[in-house]
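J.: Take the sequence shown: its letters are residues 573 to 840, numbered as in this note's numbering.
Okay, here's the structure, questions in a sec.
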Amino acid sequence: YSGSGLSVLNLNIGVLWRSWIDIRVSDTNVRGASKRMKPTMGVDSFSCANIPDVGMIRLCQVFPYIKGSLKVMAHPEPQYVQKGKVPTGPPRRKPRILLGACGCVAAVQFASICHCFSEWAEVKAVATPASLHFIDIESLPDNVDLYTDRHEWSCWERIGDNVLHIELYRWADLMVIAPLSANTLAKIAGGICDNLLTCIVRAWDYSKPMFIAPGMNTFTWRNPFTEKHLMLVDELGVSFIPGDDAMAEPTEIHSTVRLYLESRPLPD
Numbered sequence: 573y574s575g576s577g578l579s580v581l582n583l584n585i586g587v588l589w590r591s592w593i594d595i596r597v598s599d600t601n602v603r604g605a606s607k608r609m610k611p612t613m614g615v616d617s618f619s620c621a622n623i624p625d626v627g628m629i630r631l632c633q634v635f636p637y638i639k640g641s642l643k644v645m646a647h648p649e650p651q652y653v654q655k656g657k658v659p660t661g662p663p664r665r666k667p668r669i670l671l672g673a674c675g676c677v678a679a680v681q682f683a684s685i686c687h688c689f690s691e692w693a694e695v696k697a698v699a700t701p702a703s704l705h706f707i708d709i710e711s712l713p714d715n716v717d718l719y720t721d722r723h724e725w726s727c728w729e730r731i732g733d734n735v736l737h738i739e740l741y742r743w744a745d746l747m748v749i750a751p752l753s754a755n756t757l758a759k760i761a762g763g764i765c766d767n768l769l770t771c772i773v774r775a776w777d778y779s780k781p782m783f784i785a786p787g788m789n790t791f792t793w794r795n796p797f798t799e800k801h802l803m804l805v806d807e808l809g810v811s812f813i814p815g816d817d818a819m820a821e822p823t824e825i826h827s828t829v830r831l832y833l834e835s836r837p838l839p840d
């Protein structure tokens, strides 16, 4: 990578566009530039300007459908999984994964997502009221507890009692919201916490990983608000699992998160 002003980065994105890509930044002529990258060419190679002044940047989000052009979001602290560096030893305990579902059609796949994770991890699930229109509760795994707003209020009676959204946040090693609706994305971006799921997100310790897999129609996805909200969420350190004009497939969500966990030791 060299040059001043508009520079060319040739990336073989093929398989990696949905994962984390690390690029060494060595050009000193673009210091102090914005984090926004503006690709102007195709997927295999593209031109971009405004590279941030950091030694290593994480290209963690790729938005191929916003405004009809490829958009990449950068984050200065790479949270990637390097090929060949996945440890082979078993974890000391099962990871504790908190799964969240929002009210959109893609929530019909929530049971499948729960089954994928419950085979090897401890799983608890949180559903917004609107998501219950799409989730078949009877098809959820027997070993997965499902929590809703009703549980948030019914378990608290007096000062000193446990608060459910705090207990769930403390319990989890990692959170995955799949699907994430446009409505809940906007709430998270604005810091709104008016249900159990958004209260967990509002209280979340972002030193712990959180993944989101948006599910919304094409027109909503291409709306400028969606891009703005995703950029705000990116600043929190949340990782984005993209799909093709829809929520990513349950198997893709599962494999992304599992690879991440297998590359890191679990806390005691």
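Cβ atoms here follow ideal geometry from the backbone N, Cα and C, with glycine treated the same way.
So the candidates are F689, H826, L808 and V716; which of them puts its Cα closest to the Cα of V698?
T.: V716
J.: Under the three-state reduction of DSSP, which class applies to V615: helix, strand or coil?
T.: Unreliable positioning characterises V615 in this predicted model, as indicated by a pLDDT of 34, which lies under 50. A coordinate reading is not provided.
J.: Would you check if the distance between the CB atom of L768 and the CB atom of D733 is smaller than 9 Å?
T.: No, these two residues do not count as a Cβ contact at 9 Å.
J.: Figure out for me which residue from A678, G809, A761 and D708 has the closest Cα to the Cα of D817.
T.: Looking from the CA of D817, the closest CA among A678, G809, A761 and D708 belongs to A678.
J.: What does the alpha-carbon distance come out to for the pair R668 and E729?
T.: Answer to the nearest angstrom: the Cα atoms are 27 Å apart.
J.: Where P701 and W725 are concerned, what is the direct C-alpha to C-alpha distance, given to the nearest angstrom?
T.: 14 Å
J.: Quick check: what's the CA-CA separation for V805 versus E710?
T.: 33 Å
J.: Out of curiosity, what's the CA-to-CA distance linking A683 and T798?
T.: 26 Å
J.: Does the distance from the CB of C688 to the CB of T823 come in under 9 Å?
T.: Contact: yes.
J.: Please state whether the Cβ-Cβ distance between Y778 and L808 is less than 9 Å.
T.: Cβ atoms of Y778 and L808: closer than 9 Å.
J.: Any idea if P796 is buried or exposed, counting beta-carbon neighbours within 10 angstroms, 16 or more meaning buried?
T.: Residue environment for P796: exposed (fewer than 16 other C-beta atoms within 10 angstroms of its C-beta).
J.: On the CB-based measure, 16 or more other CB atoms within 10 Å of its CB, does T790 come out buried or exposed?
T.: Taking a 10 Å sphere around the C-beta of T790, we find fewer than 16 other C-beta atoms and assign the residue as exposed.
J.: From the DSSP output, read off the bridge partner residues of K696.
T.: L670 and D717
J.: From N584 to S811, what distance separates their C-alpha atoms?
T.: Caution applies to N584, whose pLDDT of 33 falls short of 50 and renders its modelled position unreliable; the value that the coordinates give is listed next. Approximately 21 Å, taken between the alpha carbons.
J.: Thinking C-beta only, is S753 closer than 9 Å to G787?
T.: yes
J.: In the structure shown, what three-state DSSP assignment does M803 receive?
T.: helix
J.: Less than 9 Å between the C-beta atoms of P751 and A673, yes or no?
T.: Judged by their CB atoms, P751 and A673 are nearer to each other than the 9 Å cut-off.
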